[in-house]
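There are 2 protein chains.
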Amino acid sequence: MGYMNRASADEPRWLNDEEQRTWQAYLHATTLLDDHLDRQLQRDAGMPHIYYGLLVKLAAAPQRRLRMTELAMESKITRSRLSHAIARLEKNGWVRREECPSDKRGQFAVLTDAGYEVLRRTAPGHVTAVRQALFDRLTPEQQKSLGEIMEIIAEGLQPKEAGADLPWLR
Amino acid sequence: MGYMNRASADEPRWLNDEEQRTWQAYLHATTLLDDHLDRQLQRDAGMPHIYYGLLVKLAAAPQRRLRMTELAMESKITRSRLSHAIARLEKNGWVRREECPSDKRGQFAVLTDAGYEVLRRTAPGHVTAVRQALFDRLTPEQQKSLGEIMEIIAEGLQPKEAGADLPWLR
DNA sequence: TCGGGAAGGTTGAGACTTCAATCATCACTC
DNA sequence: GAGTGATGATTGAAGTCTCAACCTTCCCGA
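Taken in order, these protein sequences are the chains called E and Y.
According to this note's numbering, the residues represented by the first sequence are 14 to 183, in order.
According to this note's numbering, the residues represented by the second sequence are 14 to 183, in order.
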């Protein structure tokens, strides 16, 4: 059951053996990599991978600041999740909130110097971890292929149509 | 910072532009797909994706039962996480625990009829969701490539050596 | 300009995960 | 057969995420 291989009239198209293998491999790889990087960063930077990603986005943004919804969108998460995360990072002194002059509802998340420093200190170790787990194991063709595939999947999950169920609009 | 493109003496090999794009695409796709399937299953089956996966493993196992550590290993998660999860699924009546006769420390997680029924009822919708998000969007070559790549990554993250930091041995 | 819906963001409760500590049993050795 | 370390599994607390409810401000048409 689940992804079984069967065949009958009005039944859904179950995954065949190869598809099941591919899907299992996907689940295994993503689960393990997620766990691996979360652990690496928790140990070396004191925060989970997704939080680290937030700091990276802020560091790359003009003025090292981003509107909350924009940051949520770039990170593919909900605004609620982001609110909680920023609250935690603020407590650490790595991010600070600033009001938006042009829209009084708006808030900026701003990377502090301390936040930048954490990034500066831990980025080398993290990029190494990513290389070891991913890039170092794949041929250039596989890297290219992976990029294309992941872009297709990501695109498919964020349709342009109005009313789409996107995390940052939830 | 984070995956910046720089060059100097003893600095780590930062990700180049294409690598950064690939990595971003990977993060976006996995985050969105995880969210998407979690939501689909929470809505239709009343449990998160990983819990659903546990039921699927049990359904496929002989006697519809698996030792805790074995189930954790197949699911790539920690035993602690599994303990909590099984406790919840037990409360739902979808899984029951049984002692292991040959090793009094051991426990079996056993899929109940009610658990099997949930699977029977929700599997079609789930496999459809997976197809729509993943397989339907990829060419056969891309599917093959994805499977190979993910197997490489998964393999790389579970080294055979003793002392490896594997979730289910934590 | 008033009213109502949409957009930006936060909050608290409950659900889930992590981490370290714990307990019981097993396997091995002397 | 007693001691010791390893294995199988659980627990509770703290951290994180989801969901729904909420508040404020903006937008826009009547």
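A virtual CB, placed ideally from N, CA and C, is assigned to each residue, including glycine.
Excluding sequence positions up to five away, which residues of its chain have a Cβ less than 8 angstroms from the Cβ of residue i?
i, result
"residue 93/E", "183"
"residue 57/E", "135, 138 and 139"
"residue 103/E", "109 and 110"
"residue 120/E", "80, 81, 110, 111, 112 and 113"
Whole angstroms is fine: what's the gap from residue i's alpha carbon to residue j's?
i, j, result
"residue 175/Y", "residue 164/Y", "21 angstroms"
"residue 112/E", "residue 87/E", "20 angstroms"
"residue 118/E", "residue 79/E", "14 angstroms"
"residue 142/E", "residue 53/E", "8 angstroms"
"residue 125/Y", "residue 96/Y", "17 angstroms"
"residue 22/Y", "residue 157/Y", "With a pLDDT of 49 at residue 22/Y, under the threshold of 50, the modelled position of that residue is not reliable, and the figure given next carries that caveat. One C-alpha to the other measures close to 39 angstroms."
"residue 155/E", "residue 60/E", "30 angstroms"
"residue 89/Y", "residue 41/E", "6 angstroms"
"residue 33/E", "residue 36/Y", "24 angstroms"
Kindly list the residues whose CB is nearer than 7 angstroms to the CB of residue i, restricted to its own chain and excluding five residues on each side of it in sequence; keep chain order.
i, result
"residue 116/Y", "none"
"residue 46/E", "146"
"residue 122/E", "71, 78, 79, 81, 84, 99, 108 and 110"
Closer than 7 angstroms by beta-carbon distance: list the chain E residues that pair up with residue i, in chain order.
i, result
"residue 48/Y", "180"
"residue 36/Y", "143"
"residue 164/Y", "38"
Please classify residue i: is it buried, with 16 or more other beta-carbons within 10 angstroms of its beta-carbon, or exposed?
i, result
"residue 180/E", "buried"
"residue 48/Y", "buried"
"residue 184/Y", "The structure shown does not extend to residue 184/Y, since chain Y is modelled only from 14 to 183, so the question has no answer here."
"residue 100/Y", "exposed"
"residue 38/E", "buried"
"residue 173/E", "exposed"
"residue 160/E", "buried"
"residue 127/Y", "exposed"
"residue 167/E", "buried"
Along chain E, in chain order, which residues have C-beta atoms closer than 9 angstroms to that of residue i?
i, result
"residue 90/Y", "44 and 48"
From the DSSP secondary-structure annotation, give me the bridge partner or partners of residue i.
i, result
"residue 79/E", "122/E"
"residue 109/E", "123/E"
For residue i, collect the residues of the same chain with a Cβ closer than 6 angstroms to its Cβ; drop the 5 residues on either side in sequence, then sort them by chain order.
i, result
"residue 132/E", "68 and 72"
"residue 62/Y", "50, 51 and 54"
Since residue i meets chain E, which of its residues come closer than 8 angstroms, beta carbon to beta carbon?
i, result
"residue 99/Y", "By Cβ distance, chain E contributes nothing, its closest Cβ being about 17 angstroms from residue 99/Y, past 8 angstroms."
List the residues of chain Y that residue i touches, going by C-beta distances under 7 angstroms, in chain order.
i, result
"residue 25/E", "137, 140 and 141"
"residue 169/E", "146 and 150"
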